[in-house]
Amino acid sequence: MEDSKATIAQFLTASESAELKRIKEDPAVIGFTLIAQDGTELEASGAFKDLSAAVFANIFDVADRMGEEFGVDDTCPALFLEGGDLEVAGISMSSARAVFIKRRPSRSAGDLRSVG
Amino acid sequence: MSVERVLNKVVQHNDQILGCILLSSGKVYDNLPERYELVDVLEVAENAESIFELAGTLEAGPNGFDQAFLEFEEYSFFARTLDEGVLVLLTNPIERSAFKKMQVGVNLFMKPLRRELAGQAVPAAPEAESEEVPAKEPKEKQPLSKRIYRGIRY
Numbered sequence: 001m002e003d004s005k006a007t008i009a010q011f012l013t014a015s016e017s018a019e020l021k022r023i024k025e026d027p028a029v030i031g032f033t034l035i036a037q038d039g040t041e042l043e044a045s046g047a048f049k050d051l052s053a054a055v056f057a058n059i060f061d062v063a064d065r066m067g068e069e070f071g072v073d074d075t076c077p078a079l080f081l082e083g084g085d086l087e088v089a090g091i092s093m094s095s096a097r098a099v100f101i102k103r104r105p106s107r108s109a110g111d112l113r114s115v116g
Numbered sequence: 001m002s003v004e005r006v007l008n009k010v011v012q013h014n015d016q017i018l019g020c021i022l023l024s025s026g027k028v029y030d031n032l033p034e035r036y037e038l039v040d041v042l043e044v045a046e047n048a049e050s051i052f053e054l055a056g057t058l059e060a061g062p063n064g065f066d067q068a069f070l071e072f073e074e075y076s077f078f079a080r081t082l083d084e085g086v087l088v089l090l091t092n093p094i095e096r097s098a099f100k101k102m103q104v105g106v107n108l109f110m111k112p113l114r115r116e117l118a119g120q121a122v123p124a125a126p127e128a129e130s131e132e133v134p135a136k137e138p139k140e141k142q143p144l145s146k147r148i149y150r151g152i153r154y
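Written out as structure tokens, the structure reads:
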């Protein structure tokens, strides 16, 4: 466990670690994945944890290729996916990419708030 | 109204939208500005399709992921799946939250677009066909497993 933490720390700056910790504490976040730039899974937890590193490493690669087609050399800084009651945010950092899977507030929850 | 005219209206609707690419039934339509004439629009549309195929492997629920927004420094892409294909909008470099505010306007054109695409599915009369600008022929599409190079663990 300590080894794993040490490895992850190599890929994140102090401010990136602090920001990721803050976002992970959001109760709407149901899954988190951290991927090295070469696609290696550094950490995965919650929803889709068995697949998300491989899937999102590929999605980032495809996004990069879309950018390259328009003459952008650098990598895709941020991508978002949306559908059903889920949304995904993928962010490129200095040496890694973080993916958050978030549950969107449902309409029924809104209805309950209005009753209260 | 033709598919191309609806796409033009989508672009004219908001000056943040630079152009769009639509892939439907193997045909690709686009109205990108001239400076992007070297862009392989089919490649871009197929890449957008790949993103949804990859996201689909997560089996996220009944509706799955049907919208994607990619932010780059010089522009952004918005892609969405339609029953008839995939639509990609190229925008100025705006953030997703800014795009969400103008997305309602874009959605207004989805119904006429789908209506036109449904019309395209019916074989046109030969004389009408000759007046249409021919859509670009699709390249042979590789299976997803060949287009991606990082293994997905199933």
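From first to last, the protein sequence lines are chains A and B. First residue of the first sequence: 1, per the working numbering; consecutive thereafter. First residue of the second sequence: 1, per the working numbering; consecutive thereafter. Beta carbons: idealized from backbone N, C-alpha and C, even for Gly. Quantities reported herein were computed from a predicted structural model and do not represent experimental measurements.
Residue i, DSSP secondary structure in three states
{"i": "A:ALA28", "result": "coil"}
{"i": "A:LEU81", "result": "strand"}
{"i": "A:GLU41", "result": "strand"}
{"i": "A:LYS49", "result": "coil"}
{"i": "A:SER94", "result": "coil"}
{"i": "B:HIS13", "result": "helix"}
{"i": "A:ALA14", "result": "helix"}
{"i": "B:ALA128", "result": "For B:ALA128, the predicted structure reports a pLDDT of 48, less than 50, and the residue's modelled location is therefore unreliable. The matter cannot be settled from this model."}
{"i": "B:VAL161", "result": "Absent from the structure is residue 161 of chain B, since the part of chain B shown begins at 1 and ends at 154."}
{"i": "B:THR57", "result": "coil"}
Check whether residue i and residue j have beta carbons under 8 Å apart
{"i": "A:GLY83", "j": "B:GLY64", "result": "yes"}
{"i": "A:SER94", "j": "A:THR13", "result": "yes"}
{"i": "B:VAL106", "j": "B:LEU23", "result": "no"}
{"i": "A:ILE35", "j": "A:ARG97", "result": "yes"}
Residues sharing a beta bridge with residue i, DSSP
{"i": "A:THR33", "result": "A:ALA44 and A:VAL99"}
{"i": "B:ASN6", "result": "A small correction: the amino acid at residue 6 of chain B is Val; Asn does not occupy that position in the sequence shown. DSSP output for B:VAL6 lists no bridge partner at all."}
{"i": "A:GLU68", "result": "Bridge partners of A:GLU68: none, in fact."}
{"i": "A:GLU23", "result": "According to the sequence shown, residue 23 of chain A is Ile rather than Glu. According to DSSP, which records beta bridges pairwise, A:ILE23 is partnered with nothing at all."}
{"i": "A:GLU87", "result": "A:GLU82 and A:LYS102"}
{"i": "A:CYS76", "result": "A:CYS76 is not bridged to any residue."}
{"i": "B:GLY19", "result": "B:LEU90"}
{"i": "B:GLN120", "result": "Bridge partners of B:GLN120: none, in fact."}
{"i": "B:SER24", "result": "B:LYS27 and B:GLY85"}
{"i": "B:ALA68", "result": "A:LEU81 and B:ALA79"}
Which ranges does the beta strand (DSSP E) cover as unbroken runs of at least 3 residues, wholly within the segment 70-107 of chain B, from first to last along the chain?
-> Entirely contained in the segment 70-107 of chain B, the beta strand (DSSP E) runs reaching 3 residues are, in chain order, 76-82 and 85-91.
Mind the definition here: the segment 10-20 of chain B touches the segment 69-82 of chain A only if three or more C-beta pairs lie below 8 Å; say whether that holds.
-> Contact check between the segment 10-20 of chain B and the segment 69-82 of chain A: fewer than three CB pairs, one atom from each, fall below 8 Å, which does not count as touching.
Inspect the CB distances between the segment 4-14 of chain B and the segment 35-53 of chain A and report whether three or more fall short of 8 Å.
-> No: the two stretches stay apart, fewer than three of their Cβ pairs being nearer than 8 Å.
Please confirm if the segment 18-25 of chain A is in contact with the segment 49-60 of chain A, defined as three or more CB-CB distances below 8 Å between the two stretches.
-> Proximity of the segment 18-25 of chain A to the segment 49-60 of chain A falls short of the contact definition, fewer than three beta-carbon pairs being nearer than 8 Å.
Is the segment 41-60 of chain B touching the segment 80-98 of chain B, taking contact as three or more C-beta pairs under 8 Å?
-> A contact exists between the segment 41-60 of chain B and the segment 80-98 of chain B.
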